[in-house]
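In this note's numbering, the protein residues as written are 275 to 780. A virtual CB, placed ideally from N, CA and C, is assigned to each residue, including glycine. Take a look at the structure set out below.
Below you can see the structure in the form of structure tokens.
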């Protein structure tokens with residue numbers, strides 16, 4: 275997979291990368307020296323000289339702390355070093371840096387904060403495996419109460435580097451400096467919110483070490499899928515660009531129309547809406563370039579099945595505004611199962627997910643091909659009650675397990691949206707602004723995904739591309755965003771990308 279610049283490493287993988295770098299000829303002592311100096315460079319670039327407390331823990335994160343303390347001291351900064359641990363239990367390189375410390379040794383106690391104006395948190399790194407307690411807990415609590423700015427080394431102590439969850443106690447950082455690659459916990463909430471500004475420092479680990487790791491998680495970025503993006507071809511025509519079919523509801527007509535507009539804007543050659551006969555005029559009068567097919571009100575299930583018989587539809591969207599009142603729920607379930615039965619690629623959103631909340635296994639057992647499920651947390655809990663937020667499992671684990679169980683691409687929405695594949699791959703999205711929390715935004719996203727699948731992108735990459743573009747357009751629009759803005763401002767974003775990456779192509 276392309277985009278190793280954006281790969282996310284678990285703490286275990288980062289340890290493997292460190293070890294592989296040593297085997298490749300980079301001494302562990304040098305790696306630690308470079309890491310500590312990178313933190314110092316970031317500190318000096320952000321803050322003026324001031325009394326600084328460096329909190330050093332018992333592992334290699336603490337070794338970085340000794341490097342930082344010594345380097346700041348050599349730059350003329352007033353430094354207090356508070357250490358928690360036993361030197362003889364540290365790694366050889368950490369012991370060497372501890373012995374090189376030329377200042378005073380202090381034990382880790384809250385009173386060390388009395389004269390400090392900056393705190394460097396080098397207590398525990400991303401690989402922390404148990405909740406913080408005891409003296410370290412009291413120390414972090416005191417840091418929080420002090421209100422002092424914090425620079426965290428690798429992650430703020432107490433943040434799980436894989437999941438972003440809090441283990442015991444965390445002092446939020448204004449700046450976090452990590453090394454070589456980000457970890458998932460830097461992007462997943464609450465970890466992402468606790469890191470402040472994040473800097474990834476190059477400490478001399480060769481890129482080739484990534485070849486030895488089982489890479490399966492990335493931060494969403496256009497580098498991951500740009501080479502597969504279906505730009506229009508000079509000799510192409512609309513039938514080359516796919517035909518999206520969208521199931522429209524009887525009453526909530528706006529949702530599926532937003533999906534249709536989005537599928538058009540992202541490049542689907544043709545888009546059709548299949549809608550209840552009594553609502554046909556509402557759809558037809560407002561969708562000038564979308565074909566609107568009436569479904570006979572008396573037999574809507576049979577009518578939709580007849581529409582599906584047309585082989586030109588290569589992806590189907592069901593859910594936005596589909597309806598769950600009265601017979602609507604059964605009609606939606608029938609439409610979903612018929613779509614899956616004919617092995618048509620599909621995007622299932624909103625009501626199509628809730629319709630199966632009482633029998634999710636009926637949905638999962640029917641999935642045998644390209645299918646994307648796009649739940650928010652509420653819908654996710656209805657489909658996967660054993661994986662809800664109340665299950666105690668972190669979001670990252672829940673999304674990946676749901677993909678494995680369902681056989682579908684899972685798009686678990688939120689500020690830290692996760693795209694998970696049944697084969698274990700995952701992408702975490704981090705470019706979505708708060709303005710996306712508006713009605714209809716999800717309907718647009720479903721249309722974006724379907725439009726890209728229709729044009730030949732694989733569901734995994736199509737979903738990642740759609741999510742990233744969704745966020746990028748929202749950032750472009752900014753304050754005052756409504757759902758209609760998303761498809762209508764997409765051309766500006768796509769044009770800017772094409773101009774930047776393919777300047778010689780017309």
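Task: Three-way DSSP call (helix, strand, coil) for residue 505 in this model - done: As a working note, residue 505 is residue 231 in the chain shown. Look at residue 505 here: in three-state DSSP terms it is coil, with no helix or strand label.
Open item on the list: Using the Cβ count rule (16 or more neighbours within 10 Å means buried), how would you classify residue 756?
Closed with: To locate residue 756, count along the chain shown from 1; it is residue 482. Flag for residue 756 reads exposed.
Open item on the list: Using the Cβ count rule (16 or more neighbours within 10 Å means buried), how would you classify residue 776?
Closed with: Sequence index remark: in the chain shown, residue 776 carries index 502 (1-based). Exposed, since its Cβ has fewer than 16 Cβ neighbours within 10 Å.
TODO: Can you say whether residue 324 is buried or exposed, counting buried as having 16 or more other CB atoms within 10 angstroms of its CB?
DONE: Translated into positions along the chain shown, residue 324 becomes position 50. Answer is exposed; the Cβ neighbour count stays below 16.
Open item on the list: So, at 6 Å on beta carbons, what are the nonlocal neighbours of residue 279 in its own chain, with the 5 sequence-adjacent residues on each side left out?
Closed with: Residue mapping note: residue 279 aligns to position 5 of the chain shown, counting from 1. Closer than 6 Å at Cβ, skipping near neighbours: no residue.
Open item on the list: For a test of the three-state rule: what should DSSP assign to residue 429, helix, strand or coil?
Closed with: As a position in the chain shown, residue 429 is number 155, starting the count at 1. Coil at residue 429, not helix or strand.
Task: Residue range of the beta strand (DSSP E) that includes residue 492 - done: Numbered from its first residue, the chain shown carries residue 492 at position 218. Secondary structure note for residue 492: its beta strand (DSSP E) is the uninterrupted segment 491-493.
Open item on the list: Suppose only complete runs of 4+ residues qualify. What are the alpha helix (DSSP H) ranges in the region 517-573, listed by chain order?
Closed with: Runs of the alpha helix (DSSP H) inside the region 517-573: 527-539 and 554-560.
Task: Cβ-based neighbour list, residue 516, same chain, cut-off 8 Å, excluding 5 preceding and 5 following - done: Here residue 516 is taken as the residue at index 242 of the chain shown, counted from 1. Here the set comprises 542, 543, 544, 588, 589, 725, 727, 728, 729 and 730.
Task: Residue range of the unbroken alpha helix (DSSP H) whose run includes residue 453 - done: The sequence position of residue 453 within the chain shown is 179, counting from 1. Taken as a continuous stretch (DSSP letters only), residue 453 belongs to no alpha helix (DSSP H), being part of the beta strand (DSSP E) at 449-453.
- [ ] Take every Cβ of the region 710-717, pair it with every Cβ of the region 483-502, and state whether three or more of those distances are shorter than 8 Å.
- [x] No: fewer than three Cβ pairs fall under 8 Å.
Open item on the list: Between residue 596 and residue 523, how many whole angstroms is the CB-CB distance? I'm expecting something under 8 Å.
Closed with: Translated into positions along the chain shown, residue 596 becomes position 322. Translated into positions along the chain shown, residue 523 becomes position 249. About 5 Å separates the two Cβ atoms, so the contact holds.
Open item on the list: If you measure between the beta carbons of residue 437 and residue 734, is that distance less than 8 Å?
Closed with: If you number the chain shown from 1, residue 437 lands on position 163. If you number the chain shown from 1, residue 734 lands on position 460. No.
Task: Beta-carbon gap between residue 548 and residue 598 smaller than 8 Å - done: By 1-based counting over the chain shown, the position of residue 548 is 274. By 1-based counting over the chain shown, the position of residue 598 is 324. Taking C-beta atoms as the reference points, residue 548 and residue 598 fail to come closer than 8 Å.
Task: Three-state secondary structure assigned by DSSP to residue 479 - done: One-based indexing of the chain shown puts residue 479 at position 205. In the structure shown, residue 479 adopts coil according to DSSP, grouped into three states.
Task: Sequence-distant residues of the same chain with beta carbon closer than 8 Å to residue 379, five excluded per side - done: Your numbering for residue 379 matches position 105 in the chain shown. Contacts found: 355 and 357.
- [ ] Measure the beta-carbon distance from residue 457 to residue 396 and round it to whole angstroms, keeping in mind my assumption that it falls under 8 Å.
- [x] Working through the chain shown from its first residue, we reach residue 457 at position 183. Working through the chain shown from its first residue, we reach residue 396 at position 122. Actually they are not in contact, since the Cβ atoms of residue 457 and residue 396 sit about 16 Å apart, beyond 8 Å.
TODO: Using alpha carbons as the reference points, say which of 443, 748 and 719 lies closest to residue 740.
DONE: Start at 1 with the first residue of the chain shown, and residue 740 comes out as number 466. Minimum Cα distance to residue 740 is reached at 719.
Open item on the list: My output table needs one value for residue 306: the three-state DSSP class, helix, strand or coil.
Closed with: Here residue 306 corresponds to residue number 32 of the chain shown, with the count starting at 1. In the three-state scheme derived from DSSP, where H, G and I count as helix and E and B as strand, residue 306 is classed as helix.
Open item on the list: Do residue 468 and residue 433 have their beta-carbon atoms positioned less than 8 Å apart in this structure?
Closed with: Numbered from its first residue, the chain shown carries residue 433 at position 159. Numbered from its first residue, the chain shown carries residue 468 at position 194. In contact: residue 433 and residue 468 (Cβ atoms closer than 8 Å).
Open item on the list: Can you tell me whether residue 742 is helix, strand or coil according to DSSP?
Closed with: Taking the first residue of the chain shown as position 1, residue 742 is located at position 468. Secondary structure of residue 742 (DSSP, three-state): helix.
Task: Enclosing beta strand (DSSP E) for residue 417 [first to last residue] - done: Position 143 of the chain shown holds residue 417. Note, residue 417: premise wrong, no beta strand (DSSP E); alpha helix (DSSP H) at 408-420.
Open item on the list: For residue 499, report the span of its alpha helix (DSSP H) as first-last.
Closed with: By one-based count along the chain shown, residue 499 stands at place 225. Here the alpha helix (DSSP H) through residue 499 covers 496-499.
TODO: For the region 294-365, list the beta strand (DSSP E) runs that are entirely contained and at least 3 residues long, ordered along the chain.
DONE: Counting only runs of 3 or more, we get 326-330 and 353-357.
Open item on the list: Counting beta carbon pairs with one atom in the region 408-417 and one in the region 379-389, are three or more of them shorter than 8 Å?
Closed with: Enough Cβ pairs lie closer than 8 Å, so yes.
Open item on the list: Output needed for residue 513: all residues of its chain with C-beta closer than 7 Å, excluding positions within five of it in sequence on either side, in chain order.
Closed with: Indexing the chain shown from 1 puts residue 513 at position 239. Excluding residues within five positions, the ones whose Cβ falls inside 7 Å are 543.
Task: Bounding residues of the beta strand (DSSP E) (the contiguous stretch that carries residue 469) - done: Taking the first residue of the chain shown as position 1, residue 469 is located at position 195. Run containing residue 469: none in the beta strand (DSSP E); it sits in the alpha helix (DSSP H), 465-469.
Open item on the list: Suppose the cutoff is 8 Å on Cβ atoms and the five residues either side in sequence are ignored; what does the same chain contact list for residue 306 look like?
Closed with: Sequence index remark: in the chain shown, residue 306 carries index 32 (1-based). 334, 337, 338, 341, 367, 368 and 371.
Open item on the list: Tell me the residue span of the alpha helix (DSSP H) that contains residue 717.
Closed with: By one-based count along the chain shown, residue 717 stands at place 443. Residue 717 -> alpha helix (DSSP H) spans 715-728.
TODO: Would you mind sorting residue 767 into buried or exposed? The rule is 16 or more other CB atoms within 10 Å of its CB.
DONE: As a first step, residue 767 is located in the chain shown; it is residue number 493 there, counting from the start. By the 16-neighbour rule on beta-carbons within 10 angstroms, residue 767 is buried.
Open item on the list: I'd like to know whether the C-beta atoms of residue 314 and residue 346 end up nearer to each other than 8 Å.
Closed with: To locate residue 314, count along the chain shown from 1; it is residue 40. To locate residue 346, count along the chain shown from 1; it is residue 72. Contact: yes.
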